[in-house]
Amino acid sequence: MMLVIFLVLVVILLIVGYVLYRVVSEGPDRAELLHLRSQEADFAAANCELAEQRRLIGELRVEREVLKVKLEGEQRVTAEKIALLTEAEERLKREFENLANKIFDDKGRVFREQNKDGLGSLLQPLREQLDGFRSRIDEVHRDDTEQSARLIEQVRQLQELSNRVSGEANNLAKAIKGDAKVQGDWGELIVERLLEASGLEKGREFESQVSMRTGEGELLRPDFIVNLPGERVVVIDSKVSLTAYERYVNAEDEAVTEAELAAHLASVKGHVTELAAKNYENLLGNKALDFVLMCIPLEAAYQAALQADTELMYTAAKTNIVIVSPATLMVALKLVAQMWRRDNENRNVEQIADRAGRMYDQVALVIEALEETRRKFGGAAESLDLVIRRISEGRGNLVGRIEEMKRLGAKVSRQLPEGYGGEE
983 MMLVIFLVLV
993 VILLIVGYVL
1003 YRVVSEGPDR
1013 AELLHLRSQE
1023 ADFAAANCEL
1033 AEQRRLIGEL
1043 RVEREVLKVK
1053 LEGEQRVTAE
1063 KIALLTEAEE
1073 RLKREFENLA
1083 NKIFDDKGRV
1093 FREQNKDGLG
1103 SLLQPLREQL
1113 DGFRSRIDEV
1123 HRDDTEQSAR
1133 LIEQVRQLQE
1143 LSNRVSGEAN
1153 NLAKAIKGDA
1163 KVQGDWGELI
1173 VERLLEASGL
1183 EKGREFESQV
1193 SMRTGEGELL
1203 RPDFIVNLPG
1213 ERVVVIDSKV
1223 SLTAYERYVN
1233 AEDEAVTEAE
1243 LAAHLASVKG
1253 HVTELAAKNY
1263 ENLLGNKALD
1273 FVLMCIPLEA
1283 AYQAALQADT
1293 ELMYTAAKTN
1303 IVIVSPATLM
1313 VALKLVAQMW
1323 RRDNENRNVE
1333 QIADRAGRMY
1343 DQVALVIEAL
1353 EETRRKFGGA
1363 AESLDLVIRR
1373 ISEGRGNLVG
1383 RIEEMKRLGA
1393 KVSRQLPEGY
1403 GGEE
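Residues 983 to 1406 in the working numbering are what the sequence shown lists, from first letter to last.
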């Protein structure tokens, strides 16, 4: 990369040297001098654009690596959780299968006939809980796998999207200049593509053109309202400023260039003032964040405005407007998508804990029934004693496992009989 920049600088220096040589050797020629200055400005602008593109590519690569590392960490944590839950489910299944087999195999026909139906009906709810628990684990694992695959694909698409946006925006700018309605529709399309590319779904994580009225009855329609976890929202509005910017880019005279850049900056500031006056954050009540995101969908136009006024971002922020470009908006939307993913995972954990609590209650019922059976049969209950010892004693025993579920937060409605501490 440094070699390419160096070669570009060498070419520029050679051109400047050649121009100076022509000026000295042929005498002053104002028209030629203006032409050469224009060429020099074009080369300088091209060099700046090249440097900016390389900077953006570097930022995207860094972001891609950060997302990749984060994804790998989440995949490891998810795999560990799934492995632990799967092991617990398999252990419960084996223990209860062994329990049922031991009871029915060791007792005589009369004992089996008298107790088979009762014990079967007692274990049936537990089997149903185990089936539901296993189904939920499979669903969580399937969701995590799908989300991980989508995140990998979105990281790949992020760089492709950034590369396409600049070229598409420049081409479209030429086609739609002067038509404010077409410019507005194009800006909204760019923002909606960014929302979808970040993994957010229309109608679920964001809405478009939602109607609302002010206290005076004025009808307002923000471009997009993005939902956040915790019943919060943030407004995104696309503002396109292309007319003056297009004249600024194509200006050949330095005075015209400065005038058109000032006009472009004034257009952006006008959009900020107009958007701040709508007061969306107050219209939406306490659920709205106290700022609105104003997206300038053309990266180069965004950079030109900041170049013209380095205090523009701070001035806009004082009116609760945060100016963003496609690149910075994509980063923010990726964070929103990650927040939703975390929120969904937390809800899944709560459901798993609820199912674990129900399993604990069923195990408590089974142990109570076994204790009652042992008391009724007295000395003839050696096999029951063996079964009870197997599930309540020794390292990794079943009672210890379900007691650990309770300590981890599973909500239970029953307690194990006295003496079943589940010590491992």
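Positions of the beta carbon are idealized from the N, C-alpha and C atoms, including for glycine.
Secondary structure of residue i, DSSP reduced to three states
i, result
"Ala1270", "strand"
"Lys1260", "helix"
"Lys1184", "strand"
"Leu961", "Summary: the structure shown does not reach residue 961, with the chain confined to residues 983 through 1406, and so no result is reported for it."
"Leu1275", "strand"
"Leu1201", "strand"
"Thr1292", "coil"
"Ser1020", "helix"
"Gln1397", "coil"
"Asp1167", "helix"
"Ser1117", "helix"
"Glu1071", "helix"
"Pro1308", "helix"
"Gly1212", "coil"
"Glu1178", "helix"
"Ser1249", "helix"
"Gly1404", "Its pLDDT being 48, under 50, Gly1404 is placed unreliably in this model, and the value from its coordinates should be taken loosely. Gly1404: coil per DSSP, three-state reduction."
"Ala1028", "helix"
"Asp1325", "helix"
Selection from the options that minimises the alpha carbon distance to residue i
i, options, result
"Glu1281", "Gly1169, Arg1043 and Glu1072", "Gly1169"
"Phe1188", "Gln1165, Leu1171, Cys1277 and Val1215", "Val1215"
"Ala1027", "Arg1324, Leu1275, Ala1233 and Val1254", "Ala1233"
"Asp1235", "His1017, Ile994 and Ile997", "His1017"
"Trp1322", "Leu1210, Glu1062, Leu1053 and Gly1185", "Leu1210"
"Met1276", "Val1254, Ala1283, Ala1286 and Asn1261", "Val1254"
"Asp1167", "Ile1278, Lys1184 and Val1059", "Ile1278"
"Lys1260", "Ala1245, Leu1288, Val1217 and Asp1291", "Val1217"
"Arg1019", "Arg1046, Gly999, Ala1309 and Val1048", "Gly999"
"Arg1329", "Leu1053, Glu1256 and Glu1121", "Glu1121"
"Arg1186", "Asp1024, Val1044, Leu1038 and Val1318", "Val1318"
"Arg1175", "Arg1124, Pro1308, Ala1298 and Gly1199", "Pro1308"
"Gln1057", "Glu1386, Leu1271 and Glu1327", "Glu1327"
"Thr1068", "Asp1291, Ser1117, Glu1183 and Gly1197", "Ser1117"
"Glu1128", "Phe1025, Leu1053 and Gly1252", "Leu1053"
Per DSSP, cross-strand counterpart(s) of residue i
i, result
"Phe1206", "Ser1190 and Ile1218"
"Ile1039", "For Ile1039, which the question treats as bridged, DSSP gives no partner whatsoever."
"Ile1303", "Val1274"
"Arg1195", "Leu1201"
Cβ-Cβ distance between residue i and residue j below 7 Å
i, j, result
"Gly1315", "Ser1190", "Correcting the residue identity first, residue 1315 is Leu in this sequence and not Gly. No, these two residues do not count as a Cβ contact at 7 Å."
"Ser1220", "Asp1205", "yes"
"Val1192", "Ile1207", "yes"
"Ile1305", "Met1295", "yes"
"Ala1226", "Glu1240", "no"
"Ala1248", "Ile1303", "no"
"Val1274", "Tyr1262", "yes"
"Ala1287", "Val1250", "yes"
"Phe1025", "Ile994", "yes"
Contacting residues, own chain, Cβ-Cβ under 6 Å from residue i (five flanking each side not counted)
i, result
"Met1194", "Leu1202 and Leu1265"
"Phe988", "none"
"Thr1301", "Ala1258"
"Ala1298", "Val1254 and Ile1305"
Contacting residues, own chain, Cβ-Cβ under 8 Å from residue i (five flanking each side not counted)
i, result
"Lys1269", "Glu1213, Arg1214 and Val1215"
Residues near residue i by beta carbon distance below 7 Å, same chain, minus five either side
i, result
"Gly1090", "At Gly1090, the pLDDT of 48 sits below 50, so the modelled position is not reliable; the number obtained from the coordinates is stated separately. The answer is none, since no qualifying residue turns up."
"Asp1272", "Glu1263 and Asn1302"
"Thr1196", "Leu1202 and Leu1265"
beta-carbon residue i near the ligand GDP non-hydrogen atom, thresh 6 Å
i, result
"Phe1206", "The ligand GDP is absent from the structure shown, which contains no ligand whatsoever."
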